[in-house]
Amino acid sequence: MQGTSTVYFKALNREFHVFGVDRQLFYLFVGLCLPIAVSAHLNWLMDLIALFIFMILYLVGVYITRIDKQMLAIYRRHIHYQDYYPAHPSVSAKNILIKPSVPIYQGKRGFFNVE
């Protein structure tokens, strides 16, 4: 059976970046630095400070994006599921009670969510 050839556009499968930084991270940096510049009624010194902070954050964002493009998505997922899969500091650490995502059966007491 002969297959058909198709045109594959790599841009359709890539993550959306703004100036080489993840989109949400870039807008976070802009959202952090813009109030610094505007708060002093666009004073040139505060503009330079905001620009300097933005450049430092931007360079860190480019570095993080170049290392691993999915690092921020994995970190966001880790924050979301942190209650269900807590980190244990060592093998001999005391077990802590985690919140299950589904009701669990506790014998004669029936189904309960552990709170």
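Sequential numbering from 0 applies to the sequence shown in numbering that gives the first Met the number 0.
Idealized CB from N, CA, C, for every residue including glycine.
Pick helix, strand or coil for residue i, following the three-state DSSP scheme.
i, result
"D82", "coil"
"D67", "coil"
"V6", "coil"
"V20", "strand"
Rounded to a whole number of angstroms, what is the C-alpha to C-alpha distance between residue i and residue j?
i, j, result
"R13", "I66", "15 angstroms"
"T3", "V17", "35 angstroms"
Using only alpha-carbon positions, find the residue among the options that is nearest to residue i.
i, options, result
"Y133", "V101, Q1, L24, Y7", "For residue 133 there is no data in the structure shown, the boundaries of the chain being 0 and 114."
"A36", "F28, G30, D46", "D46"
"L58", "G19, K9, T5", "G19"
"K68", "Y84, F8, H40, R22", "R22"
"Y26", "L44, D82, I73, L56", "L56"
Go through its chain and collect everything with a Cβ distance to residue i's Cβ below 7 angstroms, but skip five positions before and after it.
i, result
"F15", "R22"
Within its chain, find whatever has a CB closer than 6 angstroms to the CB of residue i; leave out the 5 residues flanking it on each side and keep chain order.
i, result
"G60", "V20, L24"
"I103", "none"
In its own chain, which residues sit with a C-beta less than 8 angstroms from the C-beta of residue i, not counting the 5 before and 5 after it?
i, result
"I52", "L31, C32, I35"
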